[in-house]
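A.B. asks:
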Amino acid sequence: MYGDHATALVHHLYKSSSLPPYSEHLVRQVTEEINELYTRLVRLLERVNNDLTDPKIGGTAIFFHRIILRNKRCVLAYLLDRFYRLRESRYLSLPEQWEENTSASERELLGQYEQLVATYSDNMQIDVSSYYVVFISTSSTISRSEGDQGLWNYHD
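For what it's worth, the UniProt record's numbering labels the leading residue of the sequence shown as 1, then goes sequentially.
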């Protein structure tokens, strides 16, 4: 069924508190599904000369379009969440397995991010990594532990 691979991709991250191995197979399946749906949508619109007055044709076109958008959102959410976890690993001491669970392009991205942060730090003459703060929401007050790399605790 359409969207199953995209849902599995998001659940793949949701189930893990650490960084799971990059799921290239699922990302590729979702991308192939997006391409297939796009091709079907274009063929449908060409066949009816973009005349969407028939509710069945219009509904089918909207259906394909919405699945394409949802699949794209799922892949982007997957990649963005992985980036946030990788970026966080730069500031926190995380297990070495995280590096093993990244793809080559993620390692390249993280290297470019490191260079960008280093260039910014040099130009501004500050160590931005020492100002990294994590907020934790548990009750209605905010506290921060001592030290440069402290945790902010927000209590609702």
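Backbone N, C-alpha and C fix where the C-beta goes; we use that ideal spot for every residue, glycine too.
Against chain D, does Lys56 count as a neighbour if the rule is that its beta carbon must be under 7 Å from one of theirs?
C.D. replies: Here chain D cannot be found, since the structure has a single protein chain.
A.B. asks: Below 7 Å CB to CB, which residues in the same chain sit around His5 once its five sequence neighbours on both sides are set aside?
C.D. replies: Excluding positions up to five away in sequence, the list reads Leu26, Gln29, Val30, Glu33.
A.B. asks: Starting from Leu19, trace the alpha helix (DSSP H) in both directions and tell me its first and last residue.
C.D. replies: Taken as a continuous stretch (DSSP letters only), Leu19 belongs to no alpha helix (DSSP H), as it is neither H nor E.
A.B. asks: DSSP state of Thr31, grouped into three classes?
C.D. replies: Three-state DSSP puts Thr31 in a helix.
A.B. asks: In terms of alpha-carbon separation, which member of Arg73, Leu44, Asn71 lies closest to Gly59?
C.D. replies: Closest by alpha carbon: Leu44.
A.B. asks: Taking C-beta to C-beta, are Leu37 and Ile67 nearer than 7 Å?
C.D. replies: Yes, they are a contact pair.
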